[in-house]
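Note sheet for the following structure.
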Amino acid sequence: MSEMRYLSLAKRCALKAGEILREGFNRPKHIEYKGMGDPVTEFDRRSEDLIVGMIRERFPDHAILAEESTDVKSSSGVRWIIDPLDGTVNFTHSVPLIAVSIAAEVDGRIAAGVIYNPILNDLYEAAEGHGAYHNGRRIRVSAIDTPAKSLVITGFPYRRDRVEEVISPMRLFIEKYEAFRRLGSAAVDMAYIAAGKGEGFYEEGLKPWDTAAGCVIVREAGGIVTDFYGNEYRPENRTILACNPAIHPLMMEVLKNVPEPE
Ligand code: IPD
Ligand code: CA
Ligand code: CA
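According to our numbering, the sequence shown is numbered sequentially starting from 1452.
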């Protein structure tokens, strides 16, 4: 039952970190750039410091991988994977689609995950074998099985040398699917697939902290998470496809033709 203990700590961390992000949301922010279109603010860093501090206090021997420069190794078999603020570009523009994303990986499997949007007060959570929940209510992926009724969500990579590869599957989704969206937070995107708001999410170039919590939440909601080529989810994969079970093979048919990014 360790996954439930990890889930409960992840939730406490996400709610506390959410207070920091709420405080910063409508304020002028000091923005630094890690790369083009890749900003970081003092709120990303404060959120990460708080979460890492809470986890280290409770589990000093666990490994921690967090976006803003925390990479603590250990042989405990448990690794926390954290995005202290997913959707920083939205945050700097005061667009309220942002999240704190925290996952606990145990012996290589994502055992528990929380995605919390502190602006909309939306908390998504799951522990392996215990179902997925949104603000305490059980959620399931949608049962829609036709492209013409499906909403597809994606994100564009920060790397600008992959524009052609990114555009070619988009054409097909725009032609054949009901709707196509770019929301600006991979964690929110995956939580929405789990809650049945969209049928499929795909993106290339994401990092473990963008997808780890989303993976267990989508799976526990009955969805399927792989890479573009149907390989099992790994946090380090370069591509991701998370869908309801009916739409997954149809989207994969399109995405398997995209050359894998290096
Ligand atoms: C980004 C968001 C975005 C995705 C980017 C991510 P960040 O995370 O998840 O939706 O398209 O690739 O890096 O930088 O805001 O934590
Ligand atoms: Ca992120
Ligand atoms: Ca981030």
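Positions of the beta carbon are idealized from the N, C-alpha and C atoms, including for glycine.
Within 7 Å, strictly: CB atoms of isoleucine 1700 and proline 1659: Contrary to the premise, residue 1700 reads as proline rather than isoleucine in this sequence. Their beta carbons are not under 7 Å apart, which means proline 1700 does not touch proline 1659 by this criterion.
Assumed close pair arginine 1447, glutamate 1579 - CB separation to whole angstroms, cut-off 8 Å: A query on residue 1447 cannot be resolved here, the shown segment of the chain reaching from 1452 to 1713 and no further.
Nearest to leucine 1424 (by Cα), restricted to the options Glu1474, Pro1598, Tyr1457 and Ala1637: Here the chain has residues from 1452 to 1713 only, and residue 1424 is not among them.
Leucine 1776 beta carbon near ligand 3 (any heavy atom closer than 6 Å): This structure cannot speak to residue 1776, because the chain is shown only from 1452 to 1713.
Serine 1636 beta carbon near ligand 4 (any heavy atom closer than 6 Å): This structure does not include ligand 4; its bound ligands are ligand 1, ligand 2 and ligand 3.
Reference alanine 1461; option with closest CA among Arg1478, Ala1693 and Phe1510: The option with the nearest alpha carbon to alanine 1461 is Phe1510.
Run of the beta strand (DSSP E) containing isoleucine 1571, from where it starts to where it stops: Reading the sequence as shown, one finds leucine at residue 1571 and not isoleucine. That residue, leucine 1571, is in no beta strand (DSSP E); it is neither H nor E in DSSP.
Reduced DSSP category for threonine 1662 - H, G, I as helix; E, B as strand; rest coil: The three-state reading of DSSP puts threonine 1662 in helix, counting H, G and I together.
Helix, strand or coil at aspartate 1534 according to DSSP, with G and I counted as helix: Three-state DSSP puts aspartate 1534 in a strand.
Euclidean distance between Cα positions of isoleucine 1533 and phenylalanine 1542: Approximately 17 Å, taken between the alpha carbons.
Where aspartate 1640 sits in the DSSP three-state scheme: Three-state DSSP puts aspartate 1640 in a helix.
Of the listed residues Glu1499, Ser1520, Ser1526 and Asp1500, nearest to aspartate 1512 (C-alpha basis): In this structure, Ser1526 is the residue among Glu1499, Ser1520, Ser1526 and Asp1500 with its C-alpha nearest to the C-alpha of aspartate 1512.
Beta-carbon gap between cysteine 1666 and tyrosine 1684 smaller than 7 Å: For cysteine 1666 and tyrosine 1684, yes; Cβs fall inside 7 Å.
Ligand 2 heavy atom lying under 6 Å from the CB of arginine 1661: For the sequence presented, residue 1661 should be read as aspartate rather than arginine. Aspartate 1661: yes, Cβ under 6 Å from ligand 2.
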